[in-house]
Structures are given as C-alpha cells and as structure tokens.
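**Q** Pasting a structure below so you can have a look.
Protein chains: 2
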Amino acid sequence: MTGTAGQDRAERRSSLSVPDRLLSVATRLFAERGFERTSVQELVDAAGVTKGAMYHYFSSKDDLLYAIYQRVLAMQTRRLNEFAQAGGPVEERLRAAAADVVHTTVDNLDDTVIFFRSLHMLSPDRQSAVRKERRRYHECFRAMIEEGARAGVFRSDVPADIVVTQYFGAVHHLGMWYRPEGQLGGAEIGAYYADLLLASLRP
Amino acid sequence: MTGTAGQDRAERRSSLSVPDRLLSVATRLFAERGFERTSVQELVDAAGVTKGAMYHYFSSKDDLLYAIYQRVLAMQTRRLNEFAQAGGPVEERLRAAAADVVHTTVDNLDDTVIFFRSLHMLSPDRQSAVRKERRRYHECFRAMIEEGARAGVFRSDVPADIVVTQYFGAVHHLGMWYRPEGQLGGAEIGAYYADLLLASLRP
DNA sequence: CCTGGCATACCGCCCGGTCGGTTGCCGCGC
DNA sequence: GCGCGGCAACCGACCGGGCGGTATGCCAGG
C-alpha cells in the first residue's frame with residue numbers, strides 16, 4: 001500500500017505505462033490541434049504527469065513525434081506483409097490489401113492525420129527515414145500491380161507508380177473528411193475504394 | 001532625387017505591390033517550412049519590407065494565411081466552372097475537368113501543400129468557411145458523375161461521393177510527392193489520373 | 001547507498017503583435 | 001506657384017508571454 005497515493009496519480013484514467021500514456025495522449029492532441037499548437041505543458045497535463053517525466057523518456061518534443069511515426073510505420077508494414085505474402089490470385093490479394101489499408105486507416109485516423117500533416121516538423125534526417133520506409137511500403141503495392149499486368153489481368157498502359165500514388169493519395173486523404181459518426185464504416189469504404197481501384201485496372 | 005533611395009528599397013526584386021509581394025513570399029515560405037515554422041520576421045525580411053508594412057495590410061499572421069486560401073479557392077472555382085459549363089458529352093466534360101485540376105494543382109504546388117497541411121491553423125470560423133467553399137467545389141464534380149450515372153455511361157453502384165473524395169484525395173496528395181524536376185509533367189499525370197477515373201466509372 | 005523514475009522550479013529566447021513617429025504625396029485656397 | 005494640412009503608407013524599437021528545455025531534489029526499491 002505504500003505506493004497507493006503515487007499510483008492514484010500515475011495510473012489515473014489508464015493502466016498504461018507513462019511512456020505509453022504520453023504516446024497515446026500526444027497522438028490525440030497532435031491530431032486535434034496540430035503538433036505546433038500543442039505545448040509540452042498541455043501534453044503532460046493531459047497525460048497526468050509532469051515535464052520531468054516526459055523528458056525522462058523522450059529527449060525532445062520532436063523525439064516524441066518521431067516515436068508516433070515509428071509506431072505507425074511498424075503497424076502498416078506488418079499489415080501489408082501479411083496480405084502481400086498470402087496466397088491466391090493477384091487481383092484478390094490486391095483487393096484485400098487495398099481494402100485493409102483503408103480499414104486500418106479509418107481505425108487509426110489520428111495517426112493518419114498526424115502522419116501527413118506533421119512530416120515537415122520532423123528533423124530532416126528523420127523525415128527522410130520516414131519517407132524511405134514509406135517508399136518500401138509503396139514498392140510492395142507496386143509489385144503486385146506489375147505482377148498482375150504481366151499476368152494480363154491488369155492493364156499495362158498506365159505506369160504502376162501512378163496507380164499507387166493515386167490510390168494512396170486517396171487513402172491518406174481520408175483523415176481530412178472521414179468522421180466515425182458518418183453513415184459508412186471503414187469496411188464499407190474500403191470495399192468501395194478497392195473496387196474502384198480494381199475497376200480502373202481492368203484491361 | 002528625393003525618392004530614389006526609397007524606391008530602391010520598396011521595389012527591389014519585384015514590381016509587385018507590397019501586399020502582393022507578401023502573399024507571394026508567404027506562399028513559398030509556408031510551403032517550404034510550414035506556417036508555424038515561418039516567423040513574421042523571416043517573412044518580412046524575405047519580402048524586403050518591415051513588420052509595420054505587413055501589419056498595415058494584414059491584421060494578423062492568420063489573416064495573411066487566409067488571404068492565400070481565398071486566392072486559391074477563387075482560382076479553383078473559376079477553373080471548374082469553365083469546364084462544368086462547357087458543352088459536349090458528360091464523360092468528356094468530366095475527363096477534361098479531372099485532368100485540368102491535376103494540371104493546375106501541379107502548376108501551383110505551393111498553394112496545394114499549404115492548403116491541406118495548414119487548414120487547422122486557421123481560426124475555426126475561417127476553417128469552416130474554407131470547408132464550405134470546398135464543399136461547393138466537390139458538389140459540382142459530383143453532379144457530373146451523377147448525371148453520367150443517370151445517362152447510363154457511368155456505373156451507379158458506387159456512391160458518387162465516394163468517387164469524388166477518392167479522386168480529390170489523390171489530387172491533394174500530389175503536393176506530397178510530385179517534384180517538377182521529375183519525368184512526368186502536369187499534363188501527363190492529369191491525363192493518367194483522368195483516365196483511371198473514367199475507367200473506374202465504366203458500367 | 002545508489003540508481004531509476006519521477007516532481008518542481010526555473011531559465012532564456014524568440015514569437016506575434018503594438019505603437020508613436022516619419023515620410024512623401026495630393027488636393028486646395030490664395 | 002506655393003505653402004499648408006492631412007492622410008495613407010510605412011518604419012522599427014519595444015513588449016509581455018509562453019514556449020521548449022534543464023538543473024536539482026526527492027524517494028522508493030534493490
């Protein structure tokens with residue numbers, strides 16, 4: 001019982017560890033108000049800790065932002081690999097992956113909003129690290145489209161790069177207009193988006 | 001001869017008026033470094049004027065940003081109206097408008113980058129004003145798609161809203177990856193994008 | 001006793017914004 | 001033609017605040 005008073009404060013509103021709580025709160029606030037509009041003081045107040053705690057785990061505000069990017073990139077990469085390495089015809093693999101990326105984007109809207117709105121707030125080297133990882137992600141998608149084009153199930157008169165950037169542009173933009181209280185859920189929108197993608201690729 | 005020194009300073013690097021120079025420089029800097037990372041002092045230094053001059057024409061930094069949005073919105077609306085009110089079959093009108101929006105986006109990349117990255121920096125009422133105007137823009141596009149669906153030249157099993165948001169998401173995202181020094185120009189990308197859009201709409 | 005895990009008090013910088021002053025120009029009475 | 005008044009355009013020193021970041025202390029657990 002010695003730590004009760006301390007735990008009342010440290011664990012209020014959540015059972016997560018301090019760094020995880022900071023990440024969680026920061027994700028919400030950065031998405032709501034923007035990175036620059038959220039002061040470190042507001043952040044730690046909302047997380048129920050102090051600046052000292054934050055700077056104990058993160059070396060700077062920028063470092064905290066980068067941690068969010070790392071978490072998002074890890075999740076995206078893991079997800080895509082599951083779908084790309086599955087079996088079945090390439091058009092079904094592409095459809096499943098395309099629908100899933102919409103679904104997970106909608107399920108983690110705050111992450112997506114931050115990802116594309118605050119990239120330029122990262123230090124230049126971290127910016128390029130994120131872009132590089134993101135590029136690998138696109139390559140995986142492009143490979144599926146080119147595989148389908150060689151197999152003759154997709155058209156080949158449009159560069160696969162164009163198709164990929166167009167599709168992911170649409171996906172990233174979900175954070176600008178999608179609201180959970182709307183009529184369509186993530187699964188429905190994912191199905192529509194994937195269907196439009198496959199339709200545009202018909203030979 | 002009394003005014004010579006004054007004009008040397010006032011007109012250096014450009015023949016534009018002071019407010020126009022501020023708008024032009026602000027657009028470039030906000031796109032390069034971001035709105036919050038660009039201080040008013042840097043801005044006026046780059047424009048060759050002083051703070052006093054800026055606050056004479058704009059009531060705040062936010063006001064300057066809003067002026068940029070107004071300029072962009074006016075241009076977009078004017079452009080789209082030209083294409084929507086043209087004659088010819090609906091699929092050709094849609095194709096022309098869809099290709100043009102890509103072309104003009106690429107030609108004004110700085111505007112686009114600011115537009116989707118800094119919306120949350122505007123005051124709430126101005127944010128909703130921009131969103132409202134932008135909504136009217138989307139409606140115009142949606143109307144063409146629904147017209148084509150009624151005429152039977154476009155499929156009707158996907159909501160027109162979904163198609164519009166997907167397409168404009170892709171267009172907005174151009175600012176994240178397009179570089180003028182790349183291989184493809186705005187016209188080529190516009191043609192590809194419009195072609196993919198039309199293909200995805202085939203019944 | 002010492003180290004990790006915090007809290008607290010504090011710092012210096014620089015930001016957006018202000019305000020009194022100056023300059024140059026234009027209309028006007030004479 | 002000329003002095004005068006007035007006003008828009010612009011200057012730049014200055015300000016209060018709040019920002020990101022830090023130095024130090026304290027305390028429980030091993």
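If you read the sequences in order, they're chains A and B. Numbering follows the UniProt record's numbering, with no gaps: position 104 of the first sequence is 104. Numbering follows the UniProt record's numbering, with no gaps: position 118 of the second sequence is 118. Positions of the beta carbon are idealized from the N, C-alpha and C atoms, including for glycine. Since the structure is predicted, the reported quantities are computational estimates derived from the model, not experimental observations.
1) Taking only beta-carbon atoms, is H56 (chain B) less than 8 Å away from chain A?
2) Rounded to whole angstroms, what's the CA-CA distance from A187 (chain A) to A199 (chain B)? Just pull it up for me.
3) Of all the CB atoms in chain B, is at least one closer than 8 Å to the CB of H173 (chain A)?
4) Quick check: is the beta carbon of H120 (chain B) nearer than 8 Å to any beta carbon in chain A?
5) I need the straight-line Cα distance from S39 (chain B) to T77 (chain B), nearest angstrom please.
6) What are the boundary residues of the alpha helix (DSSP H) that R126 (chain B) is part of?
7) Listing by chain order, which chain B residues have their CB less than 9 Å from the CB of A47 (chain A)?
8) May I have the straight-line CA-CA distance separating V72 (chain A) from A86 (chain B), to the nearest angstrom?
9) For L196 (chain A), return the contacting residues in chain B, with the cut-off set at a CB-CB distance below 8 Å.
10) Using the beta-carbon of each residue, which ones in chain B are nearer than 7 Å to R117 (chain A)?
11) Which word fits L196 (chain A), buried or exposed, when buried means at least 16 other C-beta atoms lie within 10 angstroms of its C-beta?
12) Is DSSP giving N81 (chain A) helix, strand or coil here?
13) Report all residues from its chain with a CB closer than 7 Å to the CB of K61 (chain B); omit the five preceding and five following residues, and keep chain order.
14) Looking at chain A, is there any beta carbon in it that lies within less than 8 Å of the beta carbon of M176 (chain B)?
15) Can you pull the chain B neighbours of I189 (chain A), defined as C-beta to C-beta under 8 Å?
16) Closer than 8 Å, CB to CB, is A97 (chain A) near chain B or not?
17) Of all Cβ atoms in chain B, is any one closer than 8 Å to the Cβ of Y69 (chain A)?
18) Determine the chain B residues that contact E36 (chain A) at a beta-carbon separation under 7 Å, and present them in chain order.
19) Along chain B, in chain order, which residues have C-beta atoms closer than 9 Å to that of Y193 (chain A)?
20) By DSSP, does F30 (chain A) sit in helix, in strand, or in coil?
21) Indicate the three-state DSSP secondary structure (helix, strand or coil) for L64 (chain A) in the structure shown.
22) Nearest-angstrom Cα distance between A46 (chain B) and A99 (chain A)?
23) Would you grab the beta carbon distance between R142 (chain A) and P203 (chain A) for me? Rounded to a whole angstrom, and I think it's under 8 Å.
24) Quick one: what's got a C-beta closer than 8 Å to Q127 (chain A)'s C-beta in the same chain, skipping five residues either side?
25) Report yes if the CB atom of L184 (chain A) is closer than 8 Å to the CB atom of Y137 (chain A), and no otherwise.
26) R202 (chain B) by DSSP, collapsed to three states: which one?
27) Pair every Cβ in the region 165-175 of chain B with every Cβ in the region 90-109 of chain B, then say whether three or more of these pairs are closer than 8 Å.
28) In terms of residues, what are the limits of the alpha helix (DSSP H) holding F58 (chain A)?
29) Less than 8 Å between the beta carbons of I162 (chain A) and L94 (chain A), yes or no?
30) I'd like the list of long-range same chain contacts for K51 (chain B), defined as Cβ closer than 8 Å, with 5 residues on each side in sequence excluded.
**A** To lay it out plainly:
1) Within the second sequence, numbered from 1, the residue matching residue 56 (chain B) stands at position 56. Judged by the 8 Å Cβ criterion, H56 (chain B) is not in contact with chain A.
2) Start at 1 with the first residue of the first sequence, and residue 187 (chain A) comes out as number 187. Start at 1 with the first residue of the second sequence, and residue 199 (chain B) comes out as number 199. If I take the Cα positions, the gap works out to 23 Å.
3) For the purposes of this step, residue 173 (chain A) is taken as the residue at position 173 of the first sequence. Closer than 8 Å to some Cβ of chain B, the Cβ of H173 (chain A) qualifies, so yes.
4) Here residue 120 (chain B) corresponds to residue number 120 of the second sequence, with the count starting at 1. Output row for H120 (chain B): interface = yes.
5) The count along the second sequence starts at 1 and reaches residue 39 (chain B) at position 39. The count along the second sequence starts at 1 and reaches residue 77 (chain B) at position 77. For the pair S39 (chain B) and T77 (chain B), the Cα-to-Cα distance works out to about 30 Å.
6) Along the second sequence, read from residue 1 onward, the residue named residue 126 (chain B) stands at position 126. Its alpha helix (DSSP H) spans residues 124-151.
7) As a working mapping, residue 47 (chain A) is identified with position 47 in the first sequence. None at all; the shortest Cβ gap to chain B is about 21 Å.
8) Taking the first residue of the first sequence as position 1, residue 72 (chain A) is located at position 72. Taking the first residue of the second sequence as position 1, residue 86 (chain B) is located at position 86. The straight-line gap from Cα to Cα measures roughly 45 Å.
9) The residue given as residue 196 (chain A) occupies position 196 in the first sequence. Close to L196 (chain A), with beta-carbon spacing below 8 Å, are these residues of chain B in chain order: V158, I162, V163, Q166, S200.
10) Taking the first residue of the first sequence as 1, we reach residue 117 (chain A) at position 117. Here the neighbours are R117.
11) As a working note, residue 196 (chain A) is residue 196 in the first sequence. So L196 (chain A) ends up on the buried side.
12) Taking the first sequence and counting its residues from 1, the one referred to as residue 81 (chain A) is at position 81. In this structure, N81 (chain A) counts as helix in the three-state DSSP scheme.
13) By 1-based counting over the second sequence, the position of residue 61 (chain B) is 61. The answer, listed in chain order, is V40.
14) One-based indexing of the second sequence puts residue 176 (chain B) at position 176. So yes, M176 (chain B) belongs to the interface.
15) Translated into positions along the first sequence, residue 189 (chain A) becomes position 189. Within chain B, the residues near I189 (chain A) are I162.
16) By one-based count along the first sequence, residue 97 (chain A) stands at place 97. Judged by the 8 Å Cβ criterion, A97 (chain A) is not in contact with chain B.
17) Against the first sequence, residue 69 (chain A) aligns to sequence position 69. Chain B, which has no Cβ nearer than 8 Å to the Cβ of Y69 (chain A), makes this no.
18) If you number the first sequence from 1, residue 36 (chain A) lands on position 36. Those are E36, listed as they occur along chain B.
19) Within the first sequence, the letter at position 193 stands for residue 193 (chain A). Under the 9 Å cutoff, chain B gives I162, Q166.
20) Looking up residue 30 (chain A) in the first sequence gives position 30. Note: F30 (chain A) maps to helix in three-state DSSP.
21) Against the first sequence, residue 64 (chain A) aligns to sequence position 64. Secondary structure at L64 (chain A): helix, using DSSP grouped into helix, strand and coil.
22) Taking the first residue of the second sequence as position 1, residue 46 (chain B) is located at position 46. Taking the first residue of the first sequence as position 1, residue 99 (chain A) is located at position 99. One C-alpha to the other measures close to 46 Å.
23) Counted from its first residue, the first sequence places residue 142 (chain A) at position 142. Counted from its first residue, the first sequence places residue 203 (chain A) at position 203. Actually they are not in contact, since the Cβ atoms of R142 (chain A) and P203 (chain A) sit about 18 Å apart, beyond 8 Å.
24) In the first sequence, counting from the first residue as 1, residue 127 (chain A) sits at position 127. L119, H120, listed in sequence order.
25) The residue labelled residue 184 (chain A) in the question sits at position 184 within the first sequence. The residue labelled residue 137 (chain A) in the question sits at position 137 within the first sequence. L184 (chain A) places its beta carbon 8 Å or farther from that of Y137 (chain A).
26) For the purposes of this step, residue 202 (chain B) is identified with residue 202 of the second sequence, where counting begins at 1. Of the three classes helix, strand and coil, the one that applies to R202 (chain B) here is coil, per DSSP.
27) yes
28) As a working mapping, residue 58 (chain A) is identified with position 58 in the first sequence. Neither: F58 (chain A) is in no alpha helix (DSSP H) and is coded neither H nor E.
29) Taking the first residue of the first sequence as 1, we reach residue 162 (chain A) at position 162. Taking the first residue of the first sequence as 1, we reach residue 94 (chain A) at position 94. Not a contact, by the Cβ cut-off of 8 Å.
30) Numbered from its first residue, the second sequence carries residue 51 (chain B) at position 51. If we look at K51 (chain B) and ignore the five residues flanking it on each side, its Cβ neighbours are V40, Q41, V44.
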